[in-house]
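Novice: Mapping to the UniProt record's numbering: the sequence shown position 28 is 28, numbers consecutive.
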Amino acid sequence: MTKNKQPIKAISYQDLYLMKETLKQLQSWTAILELLDEFFANKQLPLDKKKIIKEFHSLSRIYGMFMDDFSIHTDNLENQLEKLIMKEKIKLT
1 MTKNKQPIKA ISYQDLYLMK ETLKQLQSWT AILELLDEFF ANKQLPLDKK
51 KIIKEFHSLS RIYGMFMDDF SIHTDNLENQ LEKLIMKEKI KLT
């Protein structure tokens with residue numbers, strides 16, 4: 001119960017574990033996103049057009065995979081949070 005004697009929601013360890021796993025999956029993209037950031041921040045002259053085209057193609061595919069995965073996991077997180085919000089309130093005595 002809260003200070004105002006209101007019931008609290010029951011959040012199980014499994015609920016927390018699922019959210020933590022989803023967060024870990026999103027965090028696993030950190031190194032790849034740093035690589036993408038480095039590529040797009042590189043403003044060295046003269047430009048090697050063949051190298052840029054080759055890297056751009058491969059990095060655009062990686063970015064596409066990231067966006068698909070990110071979308072799935074953010075949807076999962078949203079669903080997990082909605083389930084937690086809808087959880088039954090319990091009274092602790």
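Don't be surprised by glycine CBs; every beta carbon is placed ideally from N, CA and C.
The structure displayed is predicted, hence computed values, not measured ones.
1) So which of L33, K89 and K83 has the shortest CA-CA distance to S60?
2) Identify whether K51 lies in helix, strand or coil by the three-state DSSP scheme.
3) When we look at the beta-carbon of T74 and count the other beta-carbons within 10 Å, is it buried (16 or more) or exposed?
4) Is the number of C-beta pairs between the stretch 10 to 17 and the stretch 39 to 53 that are closer than 8 Å three or more?
5) Within 10 angstroms of its Cβ, does T30 collect 16 or more other Cβ (buried), or is it exposed?
6) Just verifying my parser: in three-state terms, what is the DSSP assignment at K83?
Specialist: For this structure:
1) What you label residue 60 is simply residue 60 of the sequence shown in a count that begins at 1. Comparing Cα positions, the closest option is L33.
2) Mapped onto the sequence shown, residue 51 falls at position 51. Looking at K51 - three-state DSSP - the assignment turns out to be helix.
3) Numbered from 1 along the sequence shown, position 74 holds the residue referred to as residue 74. When all chains shown are included, T74 counts as exposed.
4) no
5) For the purposes of this step, residue 30 is taken as the residue at position 30 of the sequence shown. Looking at its Cβ environment, which holds fewer than 16 other Cβ atoms inside 10 Å, T30 is exposed.
6) For the purposes of this step, residue 83 is taken as the residue at position 83 of the sequence shown. Of the three classes helix, strand and coil, the one that applies to K83 here is helix, per DSSP.
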